[in-house]
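Q: Protein sequences appear in the order of chains S and E. Read in order, the letters of the first sequence correspond to residues 44 to 392 in our numbering. Read in order, the letters of the second sequence correspond to residues 44 to 392 in our numbering.
Number of protein chains: 2
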Amino acid sequence: MNLKELAELLELSQTTVSRALNGYPEVSESTRERVQQMARQHKYRPNTRATGLATGKAMAIGHVIPVYSKNEVVNPVFGEFIAGASQVYSAKGYELLLTVADSENEQDTYRNLAAKGAVDGVIVHAPQVEDARVALLREIGLPFVIHGRVPTSELDYSWIDINNRRAFSQATKLLIDLGHERIALINGLEMLTFADSRKRGYSEAMNAAGLKIDPTIMTSDELTEGHGYHATRNMLKLENYPTAFLVSSYIVALGVQRAISQAGLRMGDDVSVIIHDDDLSFFHNNDPEPQFTATHSSVREAGVMAAQMLLNIIDDPSLAPMNQLLEARLTIGASTGPVKKKRQRHVTR
Amino acid sequence: MNLKELAELLELSQTTVSRALNGYPEVSESTRERVQQMARQHKYRPNTRATGLATGKAMAIGHVIPVYSKNEVVNPVFGEFIAGASQVYSAKGYELLLTVADSENEQDTYRNLAAKGAVDGVIVHAPQVEDARVALLREIGLPFVIHGRVPTSELDYSWIDINNRRAFSQATKLLIDLGHERIALINGLEMLTFADSRKRGYSEAMNAAGLKIDPTIMTSDELTEGHGYHATRNMLKLENYPTAFLVSSYIVALGVQRAISQAGLRMGDDVSVIIHDDDLSFFHNNDPEPQFTATHSSVREAGVMAAQMLLNIIDDPSLAPMNQLLEARLTIGASTGPVKKKRQRHVTR
DNA sequence: AGTATTAATCTAAGCGCTTTGGGAAACCAG
DNA sequence: CTGGTTTCCCAAAGCGCTTAGATTAATACT
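1. Near ALA101 (chain S), which residues of its chain fall below 7 Å by C-beta distance, leaving aside the five closest residues on each side in sequence?
2. Against chain E, does HIS168 (chain S) count as a neighbour if the rule is that its beta carbon must be under 8 Å from one of theirs?
3. When Cβ atoms are compared, which residues of the segment 145-158 of chain E fall closer than 8 Å to chain S?
4. To which residues of the same chain is GLY269 (chain S) closer than 8 Å at the C-beta, ignoring the five residues directly before and after it?
5. So which of S:ARG181, S:ALA349, S:LEU354 has the shortest CA-CA distance to PHE124 (chain S)?
6. Quick one: Cα of THR391 (chain S) to Cα of ASN118 (chain E), how far?
7. DSSP state of PRO119 (chain S), grouped into three classes?
8. Quick one: is VAL116 (chain E) near chain S, going by C-beta distance under 8 Å?
9. Output the boundary residues of the alpha helix (DSSP H) element that contains ILE303 (chain S).
10. Using only CA atoms, which one of S:TYR67, S:LEU218, S:PHE121 lies nearest to LEU323 (chain S)?
11. In this structure, what does DSSP give as the bridge partners for GLY105 (chain S)?
12. Quick one: what does DSSP say GLN445 (chain S) is sitting in, helix, strand or coil?
13. Can you list, in chain order, the residues of its chain with a C-beta nearer than 7 Å to that of ALA238 (chain S)? Leave out the 5 residues immediately preceding and following it.
14. Just by C-beta distance, which residues in the segment 86-97 of chain E are closer than 9 Å to chain S?
15. What's the gap between the Cα of VAL110 (chain E) and the Cα of ARG241 (chain E)?
16. Which residues does DSSP pair with HIS190 (chain E) in a beta bridge?
17. Rounded to a whole number of angstroms, what is the C-alpha to C-alpha distance between ILE104 (chain E) and PRO360 (chain E)?
18. Identify, in the order they occur along the chain, each residue of the same chain with its Cβ nearer than 6 Å to the Cβ of GLU370 (chain S), setting aside the five sequence neighbours on each side.
19. Between E:VAL60, E:TYR137, E:PRO186, E:LEU141, which lies nearest to GLN79 (chain E) when the distance is taken from Cα to Cα?
20. In whole angstroms, what separates the C-alpha of PHE211 (chain E) from that of ARG301 (chain S)?
21. By how many angstroms is the C-alpha of ASP204 (chain E) removed from the C-alpha of GLN367 (chain E)?
22. Determine, for LEU232 (chain E), whether the minimum Cβ-Cβ distance to residues of chain S falls below 8 Å.
23. Tell me the rounded alpha-carbon separation between ARG209 (chain E) and GLN305 (chain S).
24. Counting Cβ pairs closer than 8 Å, one from the segment 213-220 of chain E and one from the segment 309-327 of chain E, do we hit at least three?
25. For LEU64 (chain E) and GLU76 (chain E), I'd like the C-alpha separation in whole angstroms.
26. At a Cβ threshold of 8 Å, is LEU185 (chain E) touching chain S?
27. Quick one: is SER71 (chain S) buried, meaning 16 or more other Cβ sit within 10 Å of its Cβ, or exposed?
28. With a cut-off of 8 Å, does the C-beta of LEU279 (chain S) fall near any C-beta of chain E?
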């Protein structure tokens with residue numbers, strides 16, 4: 044059923060039917076109702092492509108998921124973020140176009156989306172410390188919101204981010220207050236801004252306390268369970284192994300935990316762990332006493348806010364760039380405790 | 044830059060330019076090259092909506108992610124599946140349209156996608172034991188491939204699935220061969236076919252061995268860490284607690300593992316665990332001796348295959364329905380061992 | 001009653017592409 | 001030189017919608 048057929052059925056012109064359906068005032072209430080009724084009855088839905096062509100709007104938002112390594116890790120954080128964003132989109136009649144692009148094609152991907160007119164705007168995920176995308180998107184004039192910030196960019200633009208530096212500096216300070224001095228940092232890829240900021244926060248707190256920053260107990264890699272496991276396992280073999288671990292995600296922490304217990308140590312007792320928790324729906328860390336001491340920030344909420352921000356910008360492109368800095372909240376769980384005298388390690392299996 | 048401008052620039056008609064770009068033979072090689080050259084130079088990309096309108100194809104595939112509970116768990120399996128599928132799409136010039144729909148709106152969502160002409164086909168995720176979607180999609184004539192099978196449906200349709208029944212029956216048999224008799228099943232939502240099949244496989248093997256099926260050591264819920272933890276914790280409190288656990292996903296198993304070690308038991312020693320492993324990129328279970336004994340099947344590959352299947356069907360709608368049944372492979376890891384005499388349990392903390 | 005407004009509807013152009021149906025050269029055979 | 005092919009290109013219609021502008025009918029005003 045298309046507009047023409049519907050109009051013929053009603054013995055009206057396409058114009059009138061279109062206007063009736065889109066709430067224009069030049070249509071009498073009685074015919075409007077007749078039209079709506081008939082449209083409902085025949086399950087009429089205007090063709091997106093035709094509407095888009097006529098209005099020049101795509102009614103779609105692009106999300107470009109970057110993939111770096113050959114193993115192509117898809118961070119589950121994206122799923123959660125998108126779940127939040129998509130609520131907003133469907134409420135406002137927008138579609139969500141998803142592209143998975145490796146870093147090389149990424150620039151092209153944005154160019155394509157814009158030139159083909161496939162989307163009205165994009166959300167930029169996983170900004171890098173040196174990120175060319177801001178300039179690119181500026182150049183091609185595609186509205187965008189970045190989930191994160193690009194520190195080196197002089198251009199002002201819209202973003203939503205959590206205060207990663209502050210969160211990790213607080214967490215580090217908590218560990219220091221508990222008496223820890225050897226604090227490991229198990230971080231994400233430090234080419235990405237979130238990981239870079241977290242490292243800064245960590246360093247800041249360490250410096251403030253006059254503690255030495257030791258690269259041998261700091262790692263930077265994909266946020267996988269394996270990264271946490273191997274890094275921790277290696278560090279626990281050190282003579283002077285860390286008594287505390289600052290971990291960039293829940294998933295990585297699971298590997299940390301595995302290595303700790305495999306070394307015959309107990310988390311929260313022999314060794315302390317603080318994680319950053321994105322509040323992923325399939326891992327809650329919200330029990331009365333949570334498993335992990337953590338800095339929390341809901342990515343899903345961030346998704347909602349980013350989507351709203353972007354739709355606002357699209358509605359009114361003259362708007363000044365908008366920013367939103369969210370603070371993480373630090374909650375105490377079972378994984379931290381005062382530093383203890385080290386005991387003999389043994390391996391369980 | 045649009046076709047008209049490009050044509051004017053070249054002093055050719057739109058027809059010729061269009062044909063040159065789309066590889067039609069009615070164009071001389073010399074002008075074709077001239078056209079391509081100019082198109083490249085001006086970064087011309089045909090407008091998707093216009094092309095779509097003219098050809099009647101959307102060049103997009105819809106993925107509808109269902110969400111059940113209020114907590115709206117987004118299964119990370121979808122992310123992985125989509126990562127696989129999206130490779131295929133971008134290779135063939137298709138876009139991926141993502142919709143997150145709660146079960147109530149789901150029917151409407153499909154209707155909308157079809158009526159609006161937004162997609163050329165859809166992948167159906169998470170089929171249910173009684174699933175109305177097959178009939179619906181049939182009715183509206185939208186090509187589709189189901190990731191899973193709908194047993195009750197008499198209609199034939201295209202699907203790709205893993206042999207869940209067989210996988211779980213094998214895994215159960217392995218546990219039985221190791222001497223286990225009290226085997227718990229920590230399953231997904233059994234309204235979903237994958238979980239239903241796994242339960243059947245489990246029951247089949249238990250029955251074959253003449254073992255009693257005890258509902259008090261079987262649970263069915265969302266695939267979260269919390270589900271695994273709470274279910275296992277409760278079961279381990281039983282007088283006659285299970286000595287083995289069959290677990291429907293890696294993530295759930297992490298909760299199972301946590302409860303086990305919290306009860307002072309050791310996995311692979313006091314208690315055996317077998318999981319189903321979807322080969323999620325951020326959890327590898329592929330070390331020389333994997334952490335978990337598991338039935339493996341890569342969802343990412345399934346995503347690739349499903350996408351290819353769907354594009355084939357769209358290319359040639361006269362094709363007979365296609366099916367693909369993948370077998371999971373059972374690999375031995377550190378989490379299983381022969382049944383042991385139960386020892387006194389104690390709680391660590 | 002005759003004119004000016006207002007309300008309700010319609011005609012037609014246009015969004016950017018593909019594609020049908022020609023048509024003008026250029027070429028060939030007889 | 002003529003008629004038939006081939007080659008290469010073009011004009012125009014159409015995809016399904018929106019929207020500016022024209023038209024008609026109904027109402028109000030003097």
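Beta carbons are placed, not taken as given, at the ideal position from N, Cα and C, and that holds for glycine. Note that the structure is a prediction, hence the values are computed from the model and not measured.
A: Let's see:
1. Looking up residue 101 (chain S) in the first sequence gives position 58. Answer for ALA101 (chain S): GLY95, GLY160, ALA161, VAL162, ASP163, listed in chain order.
2. Here residue 168 (chain S) is taken as the residue at index 125 of the first sequence, counted from 1. Chain E, which has no Cβ nearer than 8 Å to the Cβ of HIS168 (chain S), makes this no.
3. Listed by position, the residues of the segment 145-158 of chain E near chain S (Cβ gap below 8 Å) are ARG154, ASN155, ALA158.
4. On the first sequence, position 226 is the one that residue 269 (chain S) refers to. Counting only Cβ-Cβ distances below 8 Å, and skipping sequence neighbours, we find GLY298.
5. Numbered from 1 along the first sequence, position 81 holds the residue referred to as residue 124 (chain S). Nearest C-alpha to PHE124 (chain S): S:ALA349.
6. In the first sequence, the residue the question calls residue 391 (chain S) occupies position 348. In the second sequence, the residue the question calls residue 118 (chain E) occupies position 75. Since pLDDT at THR391 (chain S) reaches only 48, below the 50 mark, its modelled position is unreliable, and the value read off the structure follows with that caveat. Spanning the two alpha carbons is a distance of roughly 33 Å.
7. Reading the first sequence from its first residue, position 76 is the one you call residue 119 (chain S). In the displayed model, PRO119 (chain S) falls within a helix according to three-state DSSP.
8. Residue 116 (chain E) sits at position 73 when you count from the first residue of the second sequence. Closer than 8 Å: yes.
9. Reading the first sequence from its first residue, position 260 is the one you call residue 303 (chain S). In the DSSP assignment, ILE303 (chain S) falls within the alpha helix (DSSP H) that extends over 293-305.
10. Numbered from 1 along the first sequence, position 280 holds the residue referred to as residue 323 (chain S). It is S:PHE121.
11. Sequence index remark: in the first sequence, residue 105 (chain S) carries index 62 (1-based). DSSP lists S:LEU140, S:VAL165 as partners of GLY105 (chain S).
12. The displayed coordinates of chain S run from 44 to 392. Any statement about residue 445 (chain S) would go beyond what the structure contains.
13. Taking the first residue of the first sequence as position 1, residue 238 (chain S) is located at position 195. Result list for ALA238 (chain S): ASN230, GLY231, LEU232, SER263, SER291, in chain order.
14. Look at the segment 86-97 of chain E: the residues with a C-beta under 9 Å from a C-beta of chain S are LYS86, TYR87, ARG88, PRO89, ASN90, THR91, ARG92, ALA93, THR94, GLY95, LEU96.
15. Residue mapping note: residue 110 (chain E) aligns to position 67 of the second sequence, counting from 1. Residue mapping note: residue 241 (chain E) aligns to position 198 of the second sequence, counting from 1. Rounded to the nearest angstrom, the two C-alpha atoms are 21 Å apart.
16. Looking up residue 190 (chain E) in the second sequence gives position 147. Per DSSP, E:ILE203.
17. The residue given as residue 104 (chain E) occupies position 61 in the second sequence. The residue given as residue 360 (chain E) occupies position 317 in the second sequence. Each residue's Cα considered, the two are about 15 Å apart.
18. Here residue 370 (chain S) is taken as the residue at index 327 of the first sequence, counted from 1. ASN206.
19. As a first step, residue 79 (chain E) must be located in the second sequence, where it is residue number 36. Here the closest residue by C-alpha is E:VAL60.
20. Your numbering for residue 211 (chain E) matches position 168 in the second sequence. Your numbering for residue 301 (chain S) matches position 258 in the first sequence. Whole-angstrom Cα-Cα distance: 26 Å.
21. Taking the second sequence and counting its residues from 1, one reaches residue 367 (chain E) at position 324. Taking the second sequence and counting its residues from 1, one reaches residue 204 (chain E) at position 161. Between the alpha carbons of GLN367 (chain E) and ASP204 (chain E) lies a gap of roughly 6 Å.
22. On the second sequence, residue 232 (chain E) is found 189 positions in, with the first residue counted as 1. Under the 8 Å criterion on CB atoms, LEU232 (chain E) is classed as non-interfacial with respect to chain S.
23. Reading the second sequence from its first residue, position 166 is the one you call residue 209 (chain E). Reading the first sequence from its first residue, position 262 is the one you call residue 305 (chain S). Their backbone Cα atoms lie some 33 Å apart in a straight line.
24. Here the segment 213-220 of chain E lies against the segment 309-327 of chain E, with 3 or more beta-carbon pairs under 8 Å apart.
25. For the purposes of this step, residue 64 (chain E) is taken as residue 21 along the second sequence, with counting starting at 1. For the purposes of this step, residue 76 (chain E) is taken as residue 33 along the second sequence, with counting starting at 1. Distance between the alpha carbons of LEU64 (chain E) and GLU76 (chain E): 9 Å.
26. One-based indexing of the second sequence puts residue 185 (chain E) at position 142. Judged by the 8 Å Cβ criterion, LEU185 (chain E) is not in contact with chain S.
27. Within the first sequence, residue 71 (chain S) is the residue found at index 28, counting from 1. That one is exposed.
28. Sequence index remark: in the first sequence, residue 279 (chain S) carries index 236 (1-based). False, the Cβ-Cβ gap to chain E never drops below 8 Å.
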